[in-house]
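The structure appears right after this line, and notes come after that.
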Amino acid sequence: MKQVLVRGGQVVVAETPAPTLRPGCVLVDIRYSCISPGTELGGISSAGAPLWRRAMRNPAKVKTALDMARTHGIRHTASVVRNQVSAGTAIGYSAAGIVTAVADDVEGIHPGDEVACAGVGVANHAEVACVPLNLVVPVPPGVSLAQASTVALGGIALQGVRRAEPTLGETVVVIGLGMIGQLTVQLLKATGCRVIASDPDPARQHQAQSVGADAVLDPDGAAAERDASVLTAGVGADAVIITAASVSDEIVSRAFRLCRKKGRVVLVGDVGLNLNREDFYAKELDFRISTSYGPGRYDRTFEEDGLDYPIGYVRWTETRNMEEYLRQVGDGRVVLDEAIGTVFPIDSAAQAYAALGAAGTRPMTALLQYGAVGAERGPVIRSVEHSRQV
38 MKQVLVRGGQ
48 VVVAETPAPT
58 LRPGCVLVDI
68 RYSCISPGTE
78 LGGISSAGAP
88 LWRRAMRNPA
98 KVKTALDMAR
108 THGIRHTASV
118 VRNQVSAGTA
128 IGYSAAGIVT
138 AVADDVEGIH
148 PGDEVACAGV
158 GVANHAEVAC
168 VPLNLVVPVP
178 PGVSLAQAST
188 VALGGIALQG
198 VRRAEPTLGE
208 TVVVIGLGMI
218 GQLTVQLLKA
228 TGCRVIASDP
238 DPARQHQAQS
248 VGADAVLDPD
258 GAAAERDASV
268 LTAGVGADAV
278 IITAASVSDE
288 IVSRAFRLCR
298 KKGRVVLVGD
308 VGLNLNREDF
318 YAKELDFRIS
328 TSYGPGRYDR
338 TFEEDGLDYP
348 IGYVRWTETR
358 NMEEYLRQVG
368 DGRVVLDEAI
378 GTVFPIDSAA
388 QAYAALGAAG
398 TRPMTALLQY
408 GAVGAERGPV
418 IRSVEHSRQV
């Protein structure tokens with residue numbers, strides 16, 4: 038099968054073995070996958086860094102290598118590391134396609150179903166994916182597979198909104214108007230909030246207004262605080278959701294200053310976190326972290342073993358967040374026409390990433406397409422022992 042890999046900081050499309058079906062999983066022929074510019078472009082840049090620098094950023098992997106060296110020797114360990122680096126790294130974590138086989142212990146998903154799937158190392162940019170049950174959701178009527186391929190980004194945005202706990206009539210500021218920021222604006226409007234959007238890019242400000250933002254702020258510190266005060270009748274925002282990516286600590290400081298007393302600040306993006314006590318202490322603000330798609334993320338028993346959390350105790354897991362996001366798209370509360378950008382064939386993956394990383398005006402995201410439903414594919418390895426196939 039064709040798969041997008043990162044080798045030496047470069048995006049390549051390679052032929053790799055297709056995954057086999059595992060217990061608790063479904064096999065999906067991917068039709069579209071969605072590139073997440075912030076996460077994936079950062080990963081590509083890191084992959085091109087010298088090995089020693091990459092090692093410093095991943096102390097857990099260094100420990101694994103040291104353990105291997107003690108057990109198998111330095112020469113063997115060096116050979117393994119070189120082979121892994123030369124083979125390349127899979128990339129991507131949000132996709133949609135058609136189920137072709139399900140394991141015998143899987144219920145609720147059937148061959149032929151249209152599904153969306155998420156997860157690093159699972160919903161890669163590849164023609165075929167083997168996806169654990171809790172990371173795959175049905176695509177509802179009225180939602181295309183192209184739209185459904187944004188499911189991971191939508192789940193991230195929705196979890197950030199849930200962490201803010203917005204109520205009808207509150208004013209919420211969204212800082213950072215990339216793909217996740219634009220989705221956040223729309224989801225907040227669906228809850229009945231008044232939304233103020235902030236980003237230095239005028240085009241993204243305009244797009245936020247086109248999908249429902251009530252006002253936009255230039256992120257310049259003093260001007261933003263003055264304008265926010267005017268827009269909230271001098272009270273300040275009830276909550277601020279940060280969906281920006283920056284090494285600057287000023288973004289968090291500004292978010293604190295935009296809030297009313299006892300307001301909430303939710304961090305979804307990746308920004309500097311050298312906090313200034315004066316910015317939040319006097320107001321007694323709540324600072325909250327939003328973890329990816331929601332409860333269940335990073336829990337192996339949930340994601341890999343299929344152990345769900347009872348809905349009476351955990352109302353919104355990452356699976357249920359993904360389902361609800363797609364429902365919002367199907368109901369027309371989330372509009373993706375402009376946000377999903379250009380669709381590239383899988384063979385043009387390098388051009389897709391180049392377009393996203395180009396200076397100046399660039400798309401918020403891009404989709405990779407893997408052919409029409411029913412198109413011929415190369416041979417796909419299937420494990421029939423634990424599967425029901427088309």
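In my numbering, the protein residues as written are 38 to 427.
Glycine included, every Cβ here is placed at the ideal spot set by N, Cα and C.
Here the structure is a predicted model, which is why all the values come from computation and not from measurement.
In this structure, residue 183 keeps its C-beta atom at 9 Å or more from the C-beta atom of residue 65. Remark: C-beta atoms of residue 329 and residue 193 approach each other more closely than 9 Å. Contact between the region 194–210 and the region 291–306 is established, with three or more Cβ pairs separated by less than 8 Å. Residue 296 is bridged by DSSP to 274. Nearest C-alpha to residue 378 among 42, 252 and 74: 74. Residue 306 carries a coil assignment under DSSP once its states are collapsed to helix, strand and coil. When beta bridges are read from the DSSP output, residue 69 appears opposite 133 and 406. Rounded to the nearest whole angstrom, the CA to CA distance from residue 341 to residue 259 is 47 Å. Taking every protein chain shown into account, the CB of residue 267 has fewer than 16 other CB atoms within 10 angstroms, so this residue is exposed. In terms of CA proximity to residue 285, 308 leads the group 231, 308 and 348. Contact fails between the region 132–148 and the region 43–53, because fewer than three Cβ pairs, one in each stretch, are under 8 Å apart.
As DSSP reads the structure, residue 379 sits in a beta bridge with 403.
Shown here, residue 360 sits in a helix according to DSSP, grouped into three states.
Taking every protein chain shown into account, the CB of residue 52 has fewer than 16 other CB atoms within 10 angstroms, so this residue is exposed. A distance below 8 Å between beta-carbons, with the five flanking residues on each side excluded, links residue 338 to the following residues of its chain, in chain order: 344.
Under the three-state reduction of DSSP output, residue 228 falls in the coil class, being neither helix nor strand.
When 240, 359, 273 and 310 are compared, the shortest CA-CA separation from residue 174 is found for 359. Of the residues 371, 81 and 103, the one whose Cα lies closest to the Cα of residue 245 is 371. Within the DSSP bridge table, the entry for residue 323 names 301 as partners.
For residue 261, same chain residues with a beta-carbon under 8 Å away, outside a window of 5 residues either side, are 235, 254, 255, 291 and 295 in chain order.
Taking the Cα of residue 146 as reference, the smallest distance to any Cα among 187, 263 and 170 is reached at 170. Remark: C-beta atoms of residue 69 and residue 155 do not approach each other more closely than 9 Å. Pairing residue 209 with residue 274 gives a Cβ-Cβ distance under 9 Å. Per the DSSP secondary-structure output, residue 235 pairs in a beta bridge with 212 and 254.
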